[in-house]
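Enquirer:
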Amino acid sequence: METKIKSVFKEGAISSDFIANSIAKHQTKTQIGAHDIFLGQVRADEIDGKTVSAIEYTAYESMANQKFHEIRENTFSKFEITCMHIYHSLGKVNTGEICLFVFVSSPHRRVAFEALEYVVEEIKAHVPVFGRELFEDDSYQWKVNT
Numbered sequence: 000m001e002t003k004i005k006s007v008f009k010e011g012a013i014s015s016d017f018i019a020n021s022i023a024k025h026q027t028k029t030q031i032g033a034h035d036i037f038l039g040q041v042r043a044d045e046i047d048g049k050t051v052s053a054i055e056y057t058a059y060e061s062m063a064n065q066k067f068h069e070i071r072e073n074t075f076s077k078f079e080i081t082c083m084h085i086y087h088s089l090g091k092v093n094t095g096e097i098c099l100f101v102f103v104s105s106p107h108r109r110v111a112f113e114a115l116e117y118v119v120e121e122i123k124a125h126v127p128v129f130g131r132e133l134f135e136d137d138s139y140q141w142k143v144n145t
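Below, the structure is given as structure tokens:
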């Protein structure tokens, strides 16, 4: 039986309503003792005297979704977690907006912290998502992961 791989991508910024609704769905799950959340936000970095106004994200979607799926499966095998959600933006995301949302639930807080850190580090290191930093003067450069 072939495993269906869910897309983690959202067009544009990830809204606070989307985040709140995702979290609210877990309030009735009584086996959960801890939730840990990572929100990646676009920063108004200054680079060579120019200020970032947005990042435009692109990806090799099928490869990226496969890698997100592998990270998800590896996380469930390494940590005693109850659930996990990962969402990443595609397209333009302005400074101050959310581009990455990772949500991990576990019976215990320490596990939730450790699993979340593992997931975020794996995403940064292995997922083929690319960002083009757009500057206020309409120039751009490809983002270096930090």
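Residue numbers 0 to 145, in numbering that gives the first Met the number 0, belong to the letters of the sequence shown in order. Backbone N, C-alpha and C fix where the C-beta goes; we use that ideal spot for every residue, glycine too. What you are looking at is a predicted structure, and each value in this text was computed from that prediction instead of being measured.
Buried or exposed: which applies to Lys66, given that a residue is buried once 16 or more other Cβ atoms fall within 10 Å of its Cβ?
Expert: Lys66 comes out buried.
Enquirer: Considering only the beta carbon of each residue, do Val110 and Met83 sit closer than 7 Å?
Expert: No, the Cβ-Cβ distance between Val110 and Met83 is not below 7 Å.
Enquirer: Is DSSP giving Val126 helix, strand or coil here?
Expert: The answer is coil: DSSP assigns Val126 none of H, G, I, E or B.
Enquirer: Measure from the alpha carbon of Arg146 to the alpha carbon of each residue in Asn93, Gln40, Leu115, Ala19, then state which is nearest.
Expert: Lying outside 0 to 145, the shown extent of the chain, residue 146 is not represented and no answer is given.
Enquirer: Given Leu133, which residues of its chain have a CB within under 8 Å of its CB, disregarding the five upstream and five downstream residues?
Expert: So the qualifying residues of the chain are Val51, Ser52, Ala53, Ile54, Glu55, Lys91, Tyr139.
Enquirer: Using the Cβ count rule (16 or more neighbours within 10 Å means buried), how would you classify Thr74?
Expert: Buried, by the Cβ-count rule.
Enquirer: Which residues does DSSP list as the beta-bridge partners of Glu132?
Expert: Note: Glu132 sits in a beta bridge opposite Ile54, Gln140.
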